[in-house]
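Inspection log for the structure reproduced underneath, given as structure tokens.
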Amino acid sequence: QARMMSQALRKITATTAKSGTLVIFINQLREKIGVMFGSPITTPGGRALKFYSSIRIDIRRIAQIKKGEAVVGSRVKAKVVKNKVAPPFRVAGFDIMYGEGVSYEADVLNVALENKVVTKAGASYSFGDIKLGVGFDNVRLKLKDNSKQLKEIEKKTLEVLSEAE
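In the numbering used here, the protein residues as written are 1305 to 1469.
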């Protein structure tokens, strides 16, 4: 299996480079038994995929997002473990809402909180003098419905980020 993967990747890399095509491989993690030193986690299929890939991202669910008792999404951590085209070892977190996809509103809100554009006092969130609401999910849903306010927060956050550079 590993030999076949290596042969296939040799052929695929030349073709995809000429055509400018993106190839995405999704793999699972397995645990090696009896490993004393180093990481016991490995990916099946040999070493070829690790060698030929330009970017490798380790994506893991770190928490469930619940609404009452029902699970409505997952909080995800993505860690770049290999990158030939940009700086490696970057980490990002984002929310995936079931039936929607990646929550853009939650991303904007989290970055705005990190850069003190949106402030949090207890469970209340506010943007300047405007009170956004109580509870992260309530604020996220409010921003989803009020795209004008979301764009204002995004614009202010981008201004703060550009000043920091």
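Here a beta-carbon is modelled for each residue, glycine too, at the ideal position from N, C-alpha and C.
Cutting at 7 Å between CB atoms, please list the residues of its own chain near residue 1526, excluding the five before and the five after it. Nothing about residue 1526 can be reported from this structure: the residues present for the chain run from 1305 to 1469 only.
Have a look at residue 1376 and residue 1404 and give me their C-alpha separation to the nearest angstrom. 10 Å
What is the DSSP secondary structure of residue 1362, counted as helix, strand or coil? strand
Where residue 1323 sits in the DSSP three-state scheme: helix
Short check: CB of residue 1399 to CB of residue 1382, under 8 Å? no
Near residue 1415, what residues of its chain come up, given a Cβ to Cβ distance below 6 Å and the 5 sequence neighbours on each side ignored? 1461
What are the complete alpha helix (DSSP H) segments, minimum 4 residues, inside the stretch 1375-1441? 1408-1418
According to DSSP, simplified to helix, strand and coil, what is residue 1461? helix
DSSP three-state label for residue 1351, please. coil
Check this for me: beta carbons of residue 1379 and residue 1366, under 8 Å apart or not? yes
Who are the near neighbours of residue 1446 in its chain, counting only those whose CB is closer than 6 Å to its CB and skipping five residues on each side? 1437
Return helix, strand or coil for residue 1373, following the three-state DSSP convention. coil
Distance CB(residue 1417)-CB(residue 1443) smaller than 8 Å: no
Ignore the nearest five residues each way along the sequence and tell me which others in residue 1453's own chain have a CB closer than 7 Å to its CB. 1447
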